[in-house]
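Residue 6 is where the sequence shown starts when you use the numbering used here, and the numbers rise one by one after that.
Backbone N, C-alpha and C fix where the C-beta goes; we use that ideal spot for every residue, glycine too.
Please read these numbers as outputs of a predicted model, since none were measured by experiment.
Reading through the structure tokens given below for one structure.
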Amino acid sequence: MNQEERKNYADSGKKNNTTRRKKKKRRASPLLTIAWGAFGAIVVALIVVCVLMFTLKPTQAEVASYIYNSTFCEGITVNGKDISGLTYNDAWALLKDEIKTTADDTCVSVNVGTGLWVLSAQDLGLHDNLDEVLREAIALGRSDTFFANMSAQSDLKKEGKAYTISYSASEEAISKFVANIEASVNTPAVNASMTPDKTATEPTFNYHEGDQGFGIDADVLVKTISDSVSAGKYNVTFTPELVYTEPDITIEDLQSSIALRSSFQTHYGATASLHTAARMRNIQKAARILNGCVVEPGAELSFNEFIGPRYEKDGWALAPGIVNGSRYENQAGGGICQVSTTLYDALLQAGPEIEIIERNRHSWPSSYTDYGLDATVSTGGPDLKFKNNTNAPLYIFAYEDNVNYIMTVYIYGEPLPDGVTYEIEGITEEVLKPGKTEYIEVPTWPTGYSETYVSAREGYRATAYRYKLINGERVETEVLYTDIYGAVTGQIKIGTGDPRLPKPNGN
Numbered sequence: 006m007n008q009e010e011r012k013n014y015a016d017s018g019k020k021n022n023t024t025r026r027k028k029k030k031r032r033a034s035p036l037l038t039i040a041w042g043a044f045g046a047i048v049v050a051l052i053v054v055c056v057l058m059f060t061l062k063p064t065q066a067e068v069a070s071y072i073y074n075s076t077f078c079e080g081i082t083v084n085g086k087d088i089s090g091l092t093y094n095d096a097w098a099l100l101k102d103e104i105k106t107t108a109d110d111t112c113v114s115v116n117v118g119t120g121l122w123v124l125s126a127q128d129l130g131l132h133d134n135l136d137e138v139l140r141e142a143i144a145l146g147r148s149d150t151f152f153a154n155m156s157a158q159s160d161l162k163k164e165g166k167a168y169t170i171s172y173s174a175s176e177e178a179i180s181k182f183v184a185n186i187e188a189s190v191n192t193p194a195v196n197a198s199m200t201p202d203k204t205a206t207e208p209t210f211n212y213h214e215g216d217q218g219f220g221i222d223a224d225v226l227v228k229t230i231s232d233s234v235s236a237g238k239y240n241v242t243f244t245p246e247l248v249y250t251e252p253d254i255t256i257e258d259l260q261s262s263i264a265l266r267s268s269f270q271t272h273y274g275a276t277a278s279l280h281t282a283a284r285m286r287n288i289q290k291a292a293r294i295l296n297g298c299v300v301e302p303g304a305e306l307s308f309n310e311f312i313g314p315r316y317e318k319d320g321w322a323l324a325p326g327i328v329n330g331s332r333y334e335n336q337a338g339g340g341i342c343q344v345s346t347t348l349y350d351a352l353l354q355a356g357p358e359i360e361i362i363e364r365n366r367h368s369w370p371s372s373y374t375d376y377g378l379d380a381t382v383s384t385g386g387p388d389l390k391f392k393n394n395t396n397a398p399l400y401i402f403a404y405e406d407n408v409n410y411i412m413t414v415y416i417y418g419e420p421l422p423d424g425v426t427y428e429i430e431g432i433t434e435e436v437l438k439p440g441k442t443e444y445i446e447v448p449t450w451p452t453g454y455s456e457t458y459v460s461a462r463e464g465y466r467a468t469a470y471r472y473k474l475i476n477g478e479r480v481e482t483e484v485l486y487t488d489i490y491g492a493v494t495g496q497i498k499i500g501t502g503d504p505r506l507p508k509p510n511g512n
């Protein structure tokens, strides 16, 4: 073996040794890896544990379960009573008597004038927060992370934690109670008022001052009581300040809101038959009933209902009234059509806001007003009805003057527009002639004796007009209606019997 071969052989031996050493090193590596792996796992686990101890908190469900399976940490008191180591139920039992005592001692009084109202705990809807306090307290030292809980429990042992039971009232319950006080105390303001003076001889009003209203401020009182309970004042008396209100309507308001709308006069002195004692008595009685009548806005009035039925037993005198549309006969209340007609004409002149619902003409026209402007009434028969369509009451004043034989009606109410007045007129447009006189034979009367049974009367067609005036000048004409008064054929009864027969009625 030459030198070069020996060198190559030597080099080959070195390589083989190196290879063997490397093979030995690879066999030791798995153990080291396992060791390092185990160490790493431990480190990671420790890190996880530490992280969890610093960050993991119990769930809400777990915290809620503490009232069933945990006790209060050391150092916790409620209303000065130590509940350390107690369960939730034990702590509740310890404190419930104190709550009952507070409820029994609760007495909130409200004094208004001579009235005193006392609210018990039940009236107040008193509610304590003991459950909330105990739920919060039992979670102390347990509801945070491990280290935070350890720190909290340590602090509790050193410094303690004091809770106080608080109470609140139900505003709904208080409001109901205060509403009862309002119903007894609160008095609304009374508006000024006016009434027609029925004893005066001309339109006069009696005015009555309004009165202040007063009462408690319910919202303020409810809040005051609620705040008192929340502040721990359970035995206290309140004297709420009364709140005063002024009337909405004063005498000045009334005086400016009512004015004369119209007036109308009729006369009953033209003939003796119009002012007999009996007729004037009926006119006077009806006028004095009508005087001072008030018709509210939107209300209707019936003349017959307001005056009442006319019977002798009620003081109505027998006086001539039209019967069967052809002749006069005495009847109770005869003559009051003078009053109804005067009222009707005054209503027409009060303006179109006064709605005439029912009006009836006489069988023949009256002498005391224009043809077409009369209004007949009768117990159980024709009526005069109207409705007040203004925004204020109507006040009716009615006066009879049995010396000068004048009937007057005034209508007061909501003022007409400035310068506006109304006038009415009945115009006769046609005269209707009666038929030929009829003769009725009466065999029980002596021949040559006769009596007029029905006087012949002309008939008329008359139209009623209403004129609107502004500052005295006519600006509008309204045709109201046309009346037709039928002509009346005369009837004369004549005797056809033995001339020796007695005349009727001792004539």
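Take Thr452, set aside five residues on each side of it, and the residues of its chain with a beta-carbon closer than 7 Å to its own are Gly500, Thr501, Gly502, Pro504, in chain order.
According to DSSP, residue pairing for Ile432 in a beta bridge involves Thr468. In this structure, the beta-carbon distance from Gly303 to Ile254 does not fall below 8 Å. Here Lys473 is actually not in contact with Val484; their C-beta atoms are around 13 Å apart, not less than 8 Å. For Val83, the enclosing beta strand (DSSP E) stretches over residues 81 to 83. Contiguous beta strand (DSSP E) elements confined to the stretch 292 to 332 occur at 298 to 300, 305 to 307, 323 to 328, taking only those with 3 or more residues.
In this structure the stretch 111 to 128 touches the stretch 184 to 192; the number of beta carbon pairs closer than 8 Å is three or more.
Here Arg140 carries a helix assignment [DSSP, helix/strand/coil].
Only residues of its own chain outside the window of five on either side were considered, and among them Ala461, Arg462, Glu463, Gly464, Ala492, Val493, Thr494, Gly495 have a CB closer than 8 Å to the CB of Pro439, listed in chain order. If you ignore the 5 residues before and after Leu352, its C-beta comes within less than 6 Å of the C-beta of Ile359, Phe391, all in its own chain and listed in chain order. For Ala197, there is no enclosing alpha helix (DSSP H), since its DSSP letter is neither H nor E. Annotated as distal: Tyr373 and Thr482, with beta-carbon spacing of 8 Å or more. In the DSSP assignment, Arg462 forms a beta bridge with Val493. The stretch 261 to 269 makes contact with the stretch 417 to 435, as at least three CB pairs between them are under 8 Å. In the DSSP assignment, Lys228 falls within the alpha helix (DSSP H) that extends over 223 to 235.
For the alpha helix (DSSP H) assignment, the uninterrupted runs of no fewer than 4 residues enclosed by the stretch 71 to 117 are, from N- to C-terminal side, 93 to 110.
In this chain, the beta strand (DSSP E) harbouring Ala264 covers 264 to 272. In the three-state DSSP reduction, Leu124 falls in the strand class (E or B). The three-state secondary structure of Asn287, taken from DSSP, is helix.
Ranked by Cα distance from Ala197, the first of Asn211, Ser189, Val414 is Asn211.
The three-state secondary structure of Ile179, taken from DSSP, is helix. Straight-line measurement puts the Cα of Leu247 at about 48 Å from the Cα of Tyr404. For Lys390, the uninterrupted beta strand (DSSP E) segment begins and ends at 390 to 393.
Taking C-beta atoms as the reference points, Asn394 and Ala380 fail to come closer than 8 Å. Comparing alpha-carbon positions, the option among Thr487, Glu443, Val299 lying closest to Ala397 turns out to be Val299.
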